[in-house]
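This report concerns only the one structure given below.
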């Protein structure tokens, strides 16, 4: 490799960075937004802007309503308990008419079904984009995300080895120096300040999908008993369907029984937050009761109680092992579903730092190439366009997603695509457009796109006001903190966009001058004297 | 040290890092789990432990593949180790 270990790590860091950073930025950006995916849901689906729900919810009143929606009978039911962040009751069911899984949203206080804006919003678009890129063919999306995650671990470890004065770099930010020095300082600072966060996020993200990313290992251990292995680890025991009809008994009673069992076994983890029924209508329907994300602790919870749906008796109450508790802590760390607002905001800020880390890395590479004299070749121009499109570009596309959400009519449908799909189209079409724009405009695109981010953010806030009447004062007075927070964050993004755009304008002006002076003499107009 | 041989070196190291790394981490799970089970740990728990460590192993292999050691030796060692870690449990099953 190179003469020294440090130089080899420099090579590894640079080239894995070039390969993975654009992809990583998309994953990190969407991940950062996913911290507030439920709040984004409330903003994009205004009908769900409800006050905090009561503590005790009865699922039994909703079972007949959902079964009715499913066409009189169904094989699958799922209820998600509403809470302060997610104040409506969400249910999923298997629709026997369309033979697809559908969603229904209810007001937990009045019991009425809510006619919701058709939008995938935060939990349906932004969050799944983060872990699957919405590329479902042969799990390609999961594998790309896995590749990016592994690259990030390698980038962090190699990045540490490159440092000469690692402690000093924590505190070095020479804002008055030239752009290249500033970029590298910013890159080092955003990387080091949140280093444990970055490393743990890459690692825990990979762990969540460990069975996808280590298929040979898992298959080797499972042999032909994959079902048994998962039951052993996760403890959800499902009854084999009896193929005889059966009536579902009270879900509320099962929820109460599960709560009692968990309290009895020590370490009460709170009321169940979801109920799932499989093989509904069968004599051996199975009901799974879980509290997957307890509010008061980091660790996810793999306690699950399985019930016989038609008799209400407990089939199995699974208590996860100590090793599973460790694994669950790592998963819970990543999912950030626990109720700790300062930490949640810290995650958001650290996520943005991660995005800055990746973009400054790419920008530094382009700047370093230009300094070496490679001003105009295709390689530098294309990496720069790639950087712009994958950083400011994806942010603009997200803005387009929010704008489309507010602008599209309730019953919108074009060329067979429903409203939710049209919002996604807006995102992807605009995103591609930002790459095209960046290719055409060169370095000036930074300024253009920064201002575009500001414009899109302000437009989103104004459109929210125009279409729902929920402006900042109204939401603050009504205690609609999800919507208030979203609008305020959009305004903050607008401010950052304006400042970045102004800064980009002055940097581009200076850079264009220096680029012109580096161009080879042969490129001058023909009227000039030949070069010395 | 021509450009051609340098490109070849990077290619071989990359294959060792990516494919070899994948083989070694999967093999770590495949071999490590039954090994832990001989110490009395349950199958599920053994698997969870090796899964939690596997991505750190993968990272280590990539770093090793690109470190300053002789590239032919380090690359082939990684690939052989991967094949062994995957193959031995398969032979025993």
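Protein chains in written order, with the numbering used here: chain A, 2 to 533; chain B, 1158 to 1250. A virtual CB, placed ideally from N, CA and C, is assigned to each residue, including glycine. Model, not experiment: these values are computed from the prediction.
If I follow the unbroken alpha helix (DSSP H) through residue i, where does it start and stop?
i	result
residue 135 of chain A	Premise fails: residue 135 of chain A is in no alpha helix (DSSP H) and is neither H nor E.
residue 40 of chain A	38 to 45
residue 312 of chain A	Unbroken run through residue 312 of chain A: none, as it is neither H nor E.
residue 214 of chain A	211 to 214
residue 175 of chain A	Looking at the DSSP string, residue 175 of chain A is not in any alpha helix (DSSP H), and its letter there is neither H nor E.
residue 462 of chain A	446 to 469
Can you name, in chain order, every residue of its own chain whose Cβ lies under 7 Å from the Cβ of residue i, other than the five neighbours on each side?
i	result
residue 254 of chain A	313
residue 1206 of chain B	1193
residue 1214 of chain B	1181, 1182 and 1185
residue 451 of chain A	393, 498, 501, 502 and 505
residue 33 of chain A	349, 352, 353 and 356
residue 431 of chain A	397, 398 and 401
residue 10 of chain A	159, 162 and 163
residue 1219 of chain B	1174 and 1178
residue 408 of chain A	464
With a CB to CB cut of under 8 Å and the five nearest residues on each side skipped, what residues in its chain are close to residue i?
i	result
residue 247 of chain A	282, 283, 284, 285, 286, 310 and 311
residue 530 of chain A	With a pLDDT of 45 at residue 530 of chain A, under the threshold of 50, the predicted position of this residue should be treated as unreliable, though the coordinate-derived value follows. Around residue 530 of chain A: no qualifying Cβ.
residue 337 of chain A	36, 344, 345 and 348
residue 273 of chain A	82, 256, 259, 260, 290, 291 and 292
residue 200 of chain A	154 and 157
Quick one: which chain A residues come within Cβ less than 9 Å of residue i?
i	result
residue 1249 of chain B	Chain A residues near residue 1249 of chain B: none, gap ~10 Å exceeds 9 Å.
residue 1173 of chain B	Within chain A, no residue comes near residue 1173 of chain B; the closest Cβ sits about 12 Å away, beyond 9 Å.
residue 1232 of chain B	Ordered by position in chain A, no residue passes the 9 Å Cβ test against residue 1232 of chain B, which lies about 11 Å from the chain.
residue 1243 of chain B	217, 218 and 221
residue 1162 of chain B	Within 9 Å Cβ-Cβ: nothing; residue 1162 of chain B doesn't reach chain A, min ~13 Å.
From what residue to what residue does the beta strand (DSSP E) around residue i run?
i	result
residue 372 of chain A	Note, residue 372 of chain A: premise wrong, no beta strand (DSSP E); alpha helix (DSSP H) at 342 to 372.
residue 320 of chain A	Note, residue 320 of chain A: premise wrong, no beta strand (DSSP E); not H, not E.
residue 116 of chain A	From DSSP, residue 116 of chain A is part of no beta strand (DSSP E); its letter is neither H nor E.
residue 78 of chain A	77 to 81
residue 289 of chain A	287 to 291
Run down chain A in chain order and give the residues with a C-beta less than 8 Å from the C-beta of residue i.
i	result
residue 1200 of chain B	222, 230 and 233
residue 1206 of chain B	324
residue 1187 of chain B	217, 218, 221 and 222
residue 1211 of chain B	211, 215 and 218
Excluding five sequence neighbours on each side, which residues of the same chain lie with their C-beta closer than 6 Å to the C-beta of residue i?
i	result
residue 289 of chain A	237, 277, 305 and 307
residue 1146 of chain B	Outside the displayed range of chain B (1158 to 1250) lies residue 1146 of chain B, so it cannot be described from this structure.
residue 70 of chain A	105
residue 445 of chain A	509
residue 109 of chain A	54, 58, 83 and 90
residue 1230 of chain B	none
Quick one: using the 10 Å Cβ neighbour count with 16 as the cut-off for buried, is residue i buried or exposed?
i	result
residue 138 of chain A	exposed
residue 264 of chain A	exposed
residue 47 of chain A	buried
residue 88 of chain A	buried
residue 60 of chain A	buried
residue 82 of chain A	buried
residue 146 of chain A	buried
residue 332 of chain A	buried
residue 169 of chain A	exposed
residue 488 of chain A	buried
residue 208 of chain A	buried
residue 18 of chain A	buried
residue 523 of chain A	The predicted model places residue 523 of chain A with a pLDDT of 44, which falls under 50 and marks its position as unreliable; any figure quoted below should be read in that light. Classification for residue 523 of chain A: exposed.
residue 342 of chain A	exposed
residue 362 of chain A	buried
residue 1168 of chain B	exposed
residue 222 of chain A	buried
residue 420 of chain A	buried
residue 214 of chain A	buried
residue 280 of chain A	buried
The ligand SAH heavy atoms versus the CB of residue i: any closer than 8 Å?
i	result
residue 19 of chain A	The ligand SAH is absent from the structure shown, which contains no ligand whatsoever.
Run down chain A in chain order and give the residues with a C-beta less than 7 Å from the C-beta of residue i.
i	result
residue 1252 of chain B	Look at the range of chain B in this structure, 1158 to 1250, and you will see that residue 1252 of chain B is not part of it.
residue 1190 of chain B	222
Residue i versus chain B: which residues are under 9 Å apart at the beta carbon?
i	result
residue 158 of chain A	1216, 1217, 1219 and 1220
List the residues of chain B that residue i touches, going by C-beta distances under 8 Å, in chain order.
i	result
residue 204 of chain A	1212 and 1213
task = Return the residues of the stretch 310 to 335 of chain A that lie within a Cβ-Cβ distance of less than 9 Å from chain B, sorted by chain order.
result = Here the close residues are 322, 323, 324, 325, 327, 328 and 331.
query = Closer than 9 Å, Cβ to any Cβ of chain B: which residues of the stretch 206 to 220 of chain A, in chain order?
reply = Against chain B - using a Cβ distance shorter than 9 Å - the residues of the stretch 206 to 220 of chain A are 207, 208, 211, 212, 214, 215, 216, 217, 218, 219 and 220.
key: Members of the stretch 421 to 434 of chain A that neighbour chain B once the beta carbon cut-off is set at 8 Å   = Along the stretch 421 to 434 of chain A, there is no position whose C-beta sits under 8 Å from a C-beta of chain B.
query = What residues from the stretch 124 to 151 of chain A come within 7 Å of chain B, judged by C-beta to C-beta, listed N to C?
reply = Listed by position, the residues of the stretch 124 to 151 of chain A near chain B (Cβ gap below 7 Å) are 151.
inquiry  = Using a Cβ-Cβ cutoff of 9 Å, what residues of the stretch 8 to 38 of chain A are near chain B? List them in chain order.
reply    = The residues in question are 8, 9, 10, 12, 13, 16 and 17.
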